[in-house]
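For reference, the structure is listed below as structure tokens.
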Amino acid sequence: MPVPGPGYSITIRVDAPPSAGVAGDLTSAVGRAGGVITAFDVVDSHTDSVVIDITCNALSADHARDITDAVGALDGVHVRKVSDRTFLVHLGGKIEISAKVALRNRDDLSRAYTPGVARICQAIADNPEDARRLTIKRNTVAVVTDGSAVLGLGNIGPAAALPVMEGKAALFKKFAGVDAWPVCLDTQDTEEIIRTVELIACVYGGINLEDIAAPRCFEIERRLREKLDIPVFHDDQHGTAIVVVAALRNALRVVGKSMAEAKIVVCGVGAAGSAIIRLLLQRSPADIIAVDVDGIVHGGRGDTDANLRWVASNTNRDGRTGRLHDALVGADVFIGVSAPNLFGAEQVATMADKAIVFALANPDPEIDPLEAQKHAAVVATGRSDYPNQINNVLAFPGVFRGLLDAQAHSITDAMLLAAADAIADVVDGDKLNPSFIVPSVFDAAVAPAVAEAVRKVAGSQ
Ligand SMILES: NC(=O)c1ccc[n+]([C@@H]2O[C@H](COP(=O)([O-])OP(=O)(O)OC[C@H]3O[C@@H](n4cnc5c(N)ncnc54)[C@H](O)[C@@H]3O)[C@@H](O)[C@H]2O)c1
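Here the sequence shown stands for residues 1 to 461, numbered as in UniProt numbering.
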């Protein structure tokens, strides 16, 4: 199912004989090994040899080694070095600070720094609200993690989480002009995280919590929302929920069903699943059945976790019990944010007519999308190599742009729903089809539309 992608892209530099057939031999070797060539450059030439850079996509680090071995095994070919292009992108980090003011002479210095800056400090001391007008606070967001649930890698700690947080900061800047900065905390103690964020919050106009494991993430967000006068948004929860609600609205339009008649199975009741359920409930679907690793969530399970208890009492109207396969029978919609390879085409066949399947577990979805397509009318995944990618980047840049512009002190469900509608509306009726229910992450219309929607709701509150 997976195809070689740019995440495992390598450049192999080889010395090769200057024969007429060398290009064919090299490209065939890469192709036979399953690599996909994206560039082929002769970088130097001598009478008895040529130096060639072959750039290709692989499936994995092991696959990249197999491709390199296949190239090196050709007669007269010597592999000089292999560069991993993903590592090259990360050398020295991905973001930097740059000054917005010129510092050319003593005059500039006197205004941007001492002695002039003292008057600005005094103004803020006299009127703390001026911090939003006179400092970076008005456009700056902290991307806070404890490194406990990073991508599909799990609890890898704060330093190893930094490349993800840098990437997030880069996306904030690229898509919405927001200055975001990674704050990777070397603690996984709930109280320490809350206290630390509280202590640094004065610098920021918003807090984006990121890759903090459930159930700790729920309490951290709730308590910080109570304590701080700036919006606190756990992207793994609400960014996902916004995009899922947007995608579902359009998928239902494609199949001609309404939310009020939709029976929805949400598999995974962790950070993402819980937030999806809470936001979907605001749209009053016919029913939601939540499923986790222990099966269908219902009141009789005796769950002690507060989140699961809330889900049990707000979903599953008919008190159904059993496993995921039981929940799927007759369901209009499956939304998976759980684990890979949980079911196959035969279970999709038991769903209602024109079923919708969002299999979002990363990197491997709950069902192979090609299997799902055999019976489902609309299929979405979290992957970039399939249509209908459910990606949080559609939401968080615009959400924070809107919050910062409105100088919002908090974030509400009404803003999340407005953001979801704005994303859904970017896909015009004449573009909508089973393979296009959400806009591309590169659609420049998305972030401004989301920002405008959030700003409007924030302004009316
Ligand atoms: N945009 C996206 O595509 C997107 C966004 C968020 C999360 N995700 C993916 O969703 C998954 C869950 O993320 P999370 O942060 O909510 O994780 P989490 O650890 O907080 O929750 C995982 C949930 O899945 C359930 N689960 C695990 N194995 C299961 C099984 N075999 N059957 C049924 N349920 C099972 C667990 O009980 C738990 O409720 C991950 O794969 C993540 O990458 C994708």
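Note that beta-carbon positions come from the ideal geometry of N, C-alpha and C, so glycine has one too.
Relative to the C-alpha of residue i, which residue among the options is closest?
i	options	result
A306	I276, L228 and E219	E219
R278	T240, R301 and V255	T240
H90	G459, D235, Q237 and L162	L162
L153	A339, G268 and N314	A339
Q461	A420, I411, A447 and D146	I411
T196	V141, G273 and L224	L224
V399	A64, P2 and N139	N139
residue 543	R249, L151, A444 and P448	Outside the shown range of the chain, which is 1 to 461, sits residue 543, and nothing can be said about it.
Q188	I136, A201, G157 and S274	G157
V3	L394, P215 and D364	D364
A418	K257, L281, A246 and D332	A246
E221	A260, A271 and W181	A271
D385	F396, L394, A286 and P369	P369
L416	G116, V293 and A395	A395
L248	E346, A449, S435 and V22	S435
D332	R65, A64, M259 and V183	M259
residue 484	A125, A451 and Q347	What the structure shows of the chain is the stretch from 1 to 461, and residue 484 is not part of that stretch, so it cannot be assessed.
A20	S49, K81 and R32	S49
V311	L109, G322, K168 and G299	G299
R283	A159, D126, L342 and E261	E261
A444	D430, Q347 and G177	G177
V143	W181, N155, T114 and C121	W181
R216	G76, T190 and L281	T190
G167	G92, A61, L74 and P285	G92
If residue i sits next to residue j, beta carbons under 8 Å apart, how far is it from one beta carbon to the other, in whole angstroms?
i	j	result
C56	G35	4 Å
I212	D146	5 Å
N208	F175	Not confirmed; about 13 Å, so no contact.
G344	I367	6 Å
L228	E192	In fact, because the Cβ distance is near 16 Å, the residues do not count as touching under 8 Å.
V297	L324	About 11 Å separates the two Cβ atoms, so there is no contact after all.
V51	V43	5 Å
V457	A420	In fact, because the Cβ distance is near 12 Å, the residues do not count as touching under 8 Å.
A359	V265	Between V265 and A359 the Cβ distance is about 12 Å, and since that is not below 8 Å, they are no contact.
Give every residue of the same chain whose Cβ lies closer than 6 Å to the Cβ of residue i, excluding the five residues on either side of it in the sequence, and list them in chain order.
i	result
R455	G402, D405 and A406
A214	G270 and A271
D287	K263 and R317
A422	A449, V450 and A453
D186	P158
T315	I288 and A290
A16	V22, V50, I52 and V77
Suppose the cutoff is 8 Å on Cβ atoms and the five residues either side in sequence are ignored; what does the same chain contact list for residue i look like?
i	result
T27	I37, F40 and I54
G330	K263, T350, M351 and A352
I132	The identity of residue 132 in the sequence shown is Arg, whereas the question assumes Ile. These residues qualify, in order along the chain: R138, G205 and Q407.
I136	D179 and V203
I124	D130, A131, L134 and T135
I276	T240, A241, V244, V245, V266, I335 and V337
G116	S110
K173	I95, D179 and A180
Within 10 angstroms of the Cβ of residue i, are there 16 or more other Cβ atoms? Answer buried if so, exposed if not.
i	result
P336	In the sequence as displayed, the identity of residue 336 is Gly instead of Pro. So G336 ends up on the buried side.
Y204	buried
N388	buried
G268	buried
N392	buried
H238	buried
G273	buried
S98	exposed
V141	buried
D236	buried
residue 463	There is no way to answer for residue 463, as the model of the chain reaches only from 1 to 461.
K100	exposed
E346	exposed
I200	exposed
V446	buried
E210	buried
Counting only the same chain and skipping the five closest in sequence on each side, list residues whose C-beta sits under 7 Å from that of residue i.
i	result
A170	K94 and I95
R309	D303
V79	I12, V14, T68, V71 and G72
L432	N250, R253 and V254
D66	A33
G459	A406
C184	T145, G147, P158, A159, A161, L162 and M165
May I ask you to check if the CB of residue i is nearer than 7 Å to at least one heavy atom of ligand 3?
i	result
G382	As for ligand 3, it is missing from this structure, which binds only ligand 1.
Touching by the beta-carbon criterion (3+ pairs, under 8 Å), the region 375-391 and the region 346-362: These segments touch.
The region 437-451 in contact with the region 412-427 per 3-pair CB rule at 8 Å: With the cut-off at 8 Å, the region 437-451 and the region 412-427 touch.
At least three beta-carbon pairs within less than 8 Å, the region 5-14 to the region 76-90: yes
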